[in-house]
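Trainee: Residues in the sequence shown are numbered from 1 upward in steps of one, following full-length UniProt numbering.
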Amino acid sequence: MRILIVTAGSRGDVAPFTGLGVRLQQAGHEVALAAHDRFAELVRGSGLEHRTLPGDPVELVRARTAAPSPEDARSVFAEFLDELGDGVVAAVAAGTDLLLTAFGPAPLSRLVAGGFGIPSIGVYLAPGVPTREFPPPGWPEPGQVSPADNLAAAREVLARTGSLHADVLRRLRTRFDLPAAAGEQAPPDDWPICHGFSPAVVPRPADWPVTTHVTGYWWPAPSPGWRPPARLVDFLQAGPPPVFVGFGSMTPSHGRLHAVVAAAVERAGVRAVVQSGWAELGPVGDDILLVGDLPHEWLFPRMAAVVHHAGAGTTGAGLRAGVPAVPVPVLVDQPFWASRLHLLGVAPRPLPLPELTAETLADALRSCLDRATYRDRATELARRVRAEDGPGAVLSLVTQIAPGG
Numbered sequence: 001m002r003i004l005i006v007t008a009g010s011r012g013d014v015a016p017f018t019g020l021g022v023r024l025q026q027a028g029h030e031v032a033l034a035a036h037d038r039f040a041e042l043v044r045g046s047g048l049e050h051r052t053l054p055g056d057p058v059e060l061v062r063a064r065t066a067a068p069s070p071e072d073a074r075s076v077f078a079e080f081l082d083e084l085g086d087g088v089v090a091a092v093a094a095g096t097d098l099l100l101t102a103f104g105p106a107p108l109s110r111l112v113a114g115g116f117g118i119p120s121i122g123v124y125l126a127p128g129v130p131t132r133e134f135p136p137p138g139w140p141e142p143g144q145v146s147p148a149d150n151l152a153a154a155r156e157v158l159a160r161t162g163s164l165h166a167d168v169l170r171r172l173r174t175r176f177d178l179p180a181a182a183g184e185q186a187p188p189d190d191w192p193i194c195h196g197f198s199p200a201v202v203p204r205p206a207d208w209p210v211t212t213h214v215t216g217y218w219w220p221a222p223s224p225g226w227r228p229p230a231r232l233v234d235f236l237q238a239g240p241p242p243v244f245v246g247f248g249s250m251t252p253s254h255g256r257l258h259a260v261v262a263a264a265v266e267r268a269g270v271r272a273v274v275q276s277g278w279a280e281l282g283p284v285g286d287d288i289l290l291v292g293d294l295p296h297e298w299l300f301p302r303m304a305a306v307v308h309h310a311g312a313g314t315t316g317a318g319l320r321a322g323v324p325a326v327p328v329p330v331l332v333d334q335p336f337w338a339s340r341l342h343l344l345g346v347a348p349r350p351l352p353l354p355e356l357t358a359e360t361l362a363d364a365l366r367s368c369l370d371r372a373t374y375r376d377r378a379t380e381l382a383r384r385v386r387a388e389d390g391p392g393a394v395l396s397l398v399t400q401i402a403p404g405g
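#1: Would you identify the three-state DSSP class for G405, choosing helix, strand or coil?
#2: Count the other CB atoms within 10 Å of the CB of G239; is the residue buried (16 or more) or exposed (fewer)?
#3: What residue ranges within the region 210-276 form continuous alpha helix (DSSP H) runs of no fewer than 4 residues, ordered along the chain?
#4: When we look at the beta-carbon of T373 and count the other beta-carbons within 10 Å, is it buried (16 or more) or exposed?
#5: Using C-beta distances below 8 Å, list every residue in its chain close to R384, excluding the 5 sequence neighbours before and after it, in chain order.
#6: Would you check if the distance between the CB atom of P119 and the CB atom of R155 is smaller than 7 Å?
#7: Going along the chain, which unbroken runs of the beta strand (DSSP E) with 3 or more residues stay wholly within the region 58-104?
#8: Measure the CB-CB distance between V6 and P105 and report whether it falls below 7 Å.
#9: Got a sec? Which residues, its chain only, sit under 6 Å from P301 by beta carbon, not counting five neighbours each side?
#10: Straight-line CA distance for L99 to G122?
#11: Locate the alpha helix (DSSP H) running through V385, then write down its first and last residues.
#12: Quick one: what does DSSP say residue 406 is sitting in, helix, strand or coil?
#13: Look at L290 and V274 and say whether their C-beta atoms are less than 7 Å apart.
#14: Taking the C-alpha atoms as reference points, what is the distance between G405 and T18?
#15: For the putative contact between V328 and A305, defined by C-beta atoms under 8 Å, what is the C-beta separation to the nearest angstrom?
#16: Mapping the DSSP letters down to three states, classify W191 as helix, strand or coil.
#17: Taking all protein chains shown into account, do 16 or more other C-beta atoms lie within 10 angstroms of the C-beta of A15, making it buried, or fewer, making it exposed?
#18: Check whether the region 360-375 touches the region 389-397, counting contact only when three or more Cβ pairs, one atom from each stretch, lie closer than 8 Å.
#19: DSSP three-state call for T314: helix, strand or coil?
#20: With H, G and I counted as helix, E and B as strand and the rest as coil, what does DSSP make of H342?
#21: Suppose contacts are defined by Cβ-Cβ distances below 7 Å. Is L60 in contact with V88 by that definition?
#22: If you check the beta carbons only, do G128 and F103 fall under 7 Å apart?
#23: Would H36 pass as a contact of L48 if the rule is Cβ separation under 7 Å?
#24: Does the beta-carbon distance from D286 to R271 come in below 7 Å?
#25: Ordered along the chain, which non-local residues of its own chain (more than five positions away) have a Cβ less than 6 Å from that of L341?
#26: Taking its Cβ as the centre, do 16 or more other Cβ atoms sit within 10 Å of Q26, making it buried, or is it exposed?
#27: Near G292, which residues of its chain fall below 8 Å by C-beta distance, leaving aside the five closest residues on each side in sequence?
#28: Between the alpha carbons of R227 and F247, how many angstroms are there, rounded?
#29: In whole angstroms, what separates the C-alpha of G196 from that of V245?
#30: Beta carbon of H296, beta carbon of A317: below 7 Å?
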């Protein structure tokens, strides 16, 4: 069967689907992954077909950040979604029997799949279905709220998402001659959705539809032939395990961040591997090694602790490695994962980026390193998430939906 996975966004929105795609391919399916051209090498390097989606997520973030007003920022994103809709149509038209879609492009993907008369499945990296048990990712956390408030907040998030997609969905309906559908920003209860995180991290809410699953993580496919840079190996061997500092695809306009990281590393008395990332981090220090993109599955187990933006993929990689974390959330679902890490006992309280100082970061690092409970809990949790077979659960569902594929 020909399977197309559609995702949009940063590297963390793409990498987990390479592992999922490889597992489906190993089961005999033909798998293509539609993503931005920035990640074409990542997709092809895992042995999957890459299909192009328009737009550059780095430029999108920068353009939205530079927009002079919320209305202008909304216009920038609306234009991106309009191009993305055409990209999803082209990716499906290239040939597929089943569409798997990430949360971001899900409204577009569901409609396009319907237009082509093929089934679709949601493959989400963060909770994307309303529940009474917790607020939705991306919702400001006001403290203790009622189950009814949690449900209302999740429905409001879906409604906002739908309003952003309204124009492109209307255009695509006309293109495929489909009838208007009320509330199409939210999937129907019988639409199957798989969540690629561990039930040990976020237990499946009891009020989710029976077609909504929590499968376990989908780990990025290994990079064949990858070898660590010699200078990184030398740095690791030259002293005690360092800490990792990186903010992934975040592009914070905080010039002070370089000085904050450098001062915190010195104040905490640690060595650090700092990933420049989209934020172009460049702190200077005798005990700091700057690196570019590296496989987290190789690097994190060699760290004493990891400081990161608490994106879904990076959070999962840290949990898999069994090391304590210092979450520094910025936006969207990151505060949700940061709070979850603290709740799980593998991290101190989150340090939101705008409030980050050298003192708070150094204190959090020392807490991670000096309190054995963080590492003990991280080690225990790592055993559980490693034992799960997330891609296998998706494969089982795919087989049920298209047993003759």
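Every residue gets a Cβ at the ideal spot worked out from N, C-alpha and C, and that includes glycine.
Computed from a predicted structure; not experimentally measured.
Mentor: Looking at the atomic coordinates:
#1: Taking the sequence shown and counting its residues from 1, one reaches residue 405 at position 405. Confidence at G405 is low in this model, with a pLDDT of 44, below 50, so its placement is unreliable and the value that follows should be read with caution. Coil, per DSSP.
#2: Sequence index remark: in the sequence shown, residue 239 carries index 239 (1-based). Counting Cβ neighbours within 10 Å, G239 comes out exposed, since fewer than 16 surround it.
#3: 230-237, 257-268
#4: Translated into the one-based positions of the sequence shown, residue 373 becomes position 373. Burial call: exposed.
#5: Numbered from 1 along the sequence shown, position 384 holds the residue referred to as residue 384. Closer than 8 Å at Cβ, skipping near neighbours: S198, A200.
#6: One-based indexing of the sequence shown puts residue 119 at position 119. One-based indexing of the sequence shown puts residue 155 at position 155. No, these two residues do not count as a Cβ contact at 7 Å.
#7: 98-101
#8: Taking the sequence shown and counting its residues from 1, the one referred to as residue 6 is at position 6. Taking the sequence shown and counting its residues from 1, the one referred to as residue 105 is at position 105. A contact, by the Cβ cut-off of 7 Å.
#9: For the purposes of this step, residue 301 is taken as residue 301 along the sequence shown, with counting starting at 1. Within the same chain, P301 has close Cβ partners A321.
#10: Here residue 99 refers to the residue found at position 99 of the sequence shown. Here residue 122 refers to the residue found at position 122 of the sequence shown. Their Cα atoms are separated by approximately 9 Å.
#11: Numbered from its first residue, the sequence shown carries residue 385 at position 385. Unbroken alpha helix (DSSP H) run through V385: 372-386.
#12: Any question about residue 406 goes unanswered here, given that the chain covers just 1 to 405.
#13: For the purposes of this step, residue 290 is taken as the residue at position 290 of the sequence shown. For the purposes of this step, residue 274 is taken as the residue at position 274 of the sequence shown. Contact flag set, yes.
#14: In the sequence shown, residue 405 corresponds to position 405, counting from 1. In the sequence shown, residue 18 corresponds to position 18, counting from 1. Model confidence at G405 stands at a pLDDT of 44, short of 50, so the residue's coordinates are unreliable and nothing is read from them.
#15: For the purposes of this step, residue 328 is taken as residue 328 along the sequence shown, with counting starting at 1. For the purposes of this step, residue 305 is taken as residue 305 along the sequence shown, with counting starting at 1. Between A305 and V328 the Cβ distance is about 12 Å, and since that is not below 8 Å, they are no contact.
#16: What you label residue 191 is simply residue 191 of the sequence shown in a count that begins at 1. DSSP places W191 in coil when its eight states are reduced to three.
#17: Position 15 of the sequence shown holds residue 15. A15 should be labelled buried.
#18: no
#19: The residue you call residue 314 lines up with position 314 of the sequence shown. It is helical.
#20: Stepping through the sequence shown from its first residue, residue 342 is reached at position 342. Helix at H342.
#21: The sequence position of residue 60 within the sequence shown is 60, counting from 1. The sequence position of residue 88 within the sequence shown is 88, counting from 1. Not in contact: L60 and V88 (Cβ atoms no closer than 7 Å).
#22: Along the sequence shown, read from residue 1 onward, the residue named residue 128 stands at position 128. Along the sequence shown, read from residue 1 onward, the residue named residue 103 stands at position 103. The answer is yes: Cβ separation under 7 Å.
#23: Taking the sequence shown and counting its residues from 1, one reaches residue 36 at position 36. Taking the sequence shown and counting its residues from 1, one reaches residue 48 at position 48. No, Cβ-Cβ distance for H36 and L48 is not below 7 Å.
#24: For the purposes of this step, residue 286 is taken as the residue at position 286 of the sequence shown. For the purposes of this step, residue 271 is taken as the residue at position 271 of the sequence shown. For D286 and R271, no; Cβs fall outside 7 Å.
#25: Taking the sequence shown and counting its residues from 1, one reaches residue 341 at position 341. Cβ within range, chain order: A325, P327, A347.
#26: Against the sequence shown, residue 26 aligns to sequence position 26. By the 10 Å Cβ count, Q26 comes out exposed.
#27: The residue labelled residue 292 in the question sits at position 292 within the sequence shown. Answer for G292: Q275, S276, listed in chain order.
#28: To locate residue 227, count along the sequence shown from 1; it is residue 227. To locate residue 247, count along the sequence shown from 1; it is residue 247. Each residue's alpha carbon lies about 23 Å from the other.
#29: Your numbering for residue 196 matches position 196 in the sequence shown. Your numbering for residue 245 matches position 245 in the sequence shown. Their Cα atoms are separated by approximately 24 Å.
#30: Within the sequence shown, the letter at position 296 stands for residue 296. Within the sequence shown, the letter at position 317 stands for residue 317. Result yes, Cβ atoms of H296 and A317 sit closer than 7 Å.
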